[in-house]
Amino acid sequence: MVKQNDLRLNRYKLYVPDSYYHIYSRGVNKMPVFLDDDDYSIFLNHIKTLLAPTTEKDRWGRLAPNYYNQIELLTYALMHNHFHLLIYQVGERDIVNFMHSLMTRYSKYFNKKYKRVGPVFQSRYSAKLIMDDAHLYHISRYIHLNPNNWIDSPYTSIDFYSGKRHANWVQPGKILDLFPSTAAYLEFLKDYNPSEDEQYADIEPDD
Numbered sequence: 005m006v007k008q009n010d011l012r013l014n015r016y017k018l019y020v021p022d023s024y025y026h027i028y029s030r031g032v033n034k035m036p037v038f039l040d041d042d043d044y045s046i047f048l049n050h051i052k053t054l055l056a057p058t059t060e061k062d063r064w065g066r067l068a069p070n071y072y073n074q075i076e077l078l079t080y081a082l083m084h085n086h087f088h089l090l091i092y093q094v095g096e097r098d099i100v101n102f103m104h105s106l107m108t109r110y111s112k113y114f115n116k117k118y119k120r121v122g123p124v125f126q127s128r129y130s131a132k133l134i135m136d137d138a139h140l141y142h143i144s145r146y147i148h149l150n151p152n153n154w155i156d157s158p159y160t161s162i163d164f165y166s167g168k169r170h171a172n173w174v175q176p177g178k179i180l181d182l183f184p185s186t187a188a189y190l191e192f193l194k195d196y197n198p199s200e201d202e203q204y205a206d207i208e209p210d211d
């Protein structure tokens, strides 16, 4: 993992192989990008399809790009006007290809459903390189605690950490391995320290 003490140097995309990234984006003009339960489900289904162990067909019967063994999704949270992903990439540009596929597919779906044109997201996405283990687990907590009802949110990866759900497209192991037990990680989430997590997040407060 890349070591860097000054997080301010990490404001621009720097793609490094075998590295972790905090990825986030929000709706253009801060507009909602998830308007109902189906929207959340479609976004997650796109992720599942792109990260499946074998190449799958999307809901329209087309073969989807496949990033299994290139991208690992560790943590996610979907909010009404933005999303957060914690990703590990193998190759230097794997995130670029994965995010292009994900955001293009969702934007096409969203525009068609709501009969609109133009960009759905404010920018392509932001990608912050994770600098060390402390950065990694604090970002994990920051992402999981995004929803006010985080412990019961159906649109985060928390259930994959607690053991309530299991899937091959969410990989909590790299985070949980930093703690002595699953219970210790869940206690870490409850022991929230805004000053710690927000300095690692390094994003606009209203994101």
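When you read off a place in the sequence shown, starting at 1, and then add 4, the result is the number in our numbering. Heads up, the beta-carbon is just placed ideally off N, CA and C, and yes, glycines get one too.
Terminal residues of the alpha helix (DSSP H) in which residue i lies
i, result
"histidine 170", "Run containing histidine 170: none; DSSP gives neither H nor E here."
"tyrosine 189", "186 to 194"
"leucine 180", "177 to 180"
C-alpha distance - residue i paired with residue j, whole-angstrom precision
i, j, result
"asparagine 212", "alanine 56", "Only positions 5 to 211 of the chain appear in this structure, which leaves residue 212 out of reach."
"alanine 138", "glutamate 200", "10 Å"
"phenylalanine 47", "proline 69", "15 Å"
"leucine 106", "leucine 54", "8 Å"
"histidine 170", "lysine 34", "32 Å"
"glycine 65", "histidine 104", "20 Å"
Check: residue i C-beta below 7 Å from any heavy atom of the ligand ADP
i, result
"aspartate 41", "This structure simply doesn't include the ligand ADP, nor any ligand for that matter."
Helix, strand or coil at residue i [DSSP, three-state]
i, result
"asparagine 14", "Any answer about asparagine 14 is weak, because its pLDDT of 45 lies below 50 and its placement is not dependable; what the coordinates show is given next. Helix at asparagine 14."
"arginine 145", "helix"
"alanine 138", "helix"
"glycine 65", "coil"
"serine 45", "helix"
"threonine 160", "strand"
"glutamate 76", "strand"
"tyrosine 24", "strand"
The beta strand (DSSP E) enclosing residue i, as first and last residue numbers
i, result
"alanine 131", "130 to 133"
(message) Going residue by residue through the segment 80 to 126, where are the continuous alpha helix (DSSP H) segments of at least 4 residues, counting only ones entirely within it?
(response) The qualifying runs are 98 to 117.
(message) Tell me whether the segment 152 to 163 and the segment 75 to 84 touch, counting them as touching only if at least three CB pairs, one residue from each stretch, are closer than 8 Å.
(response) In this structure the segment 152 to 163 lies against the segment 75 to 84, because at least three pairs of beta carbons, one per stretch, are closer than 8 Å.
(request) Examine the Cβ distances between the segment 29 to 47 and the segment 124 to 132 and report whether three or more of them are shorter than 8 Å. (result) Yes, they touch.
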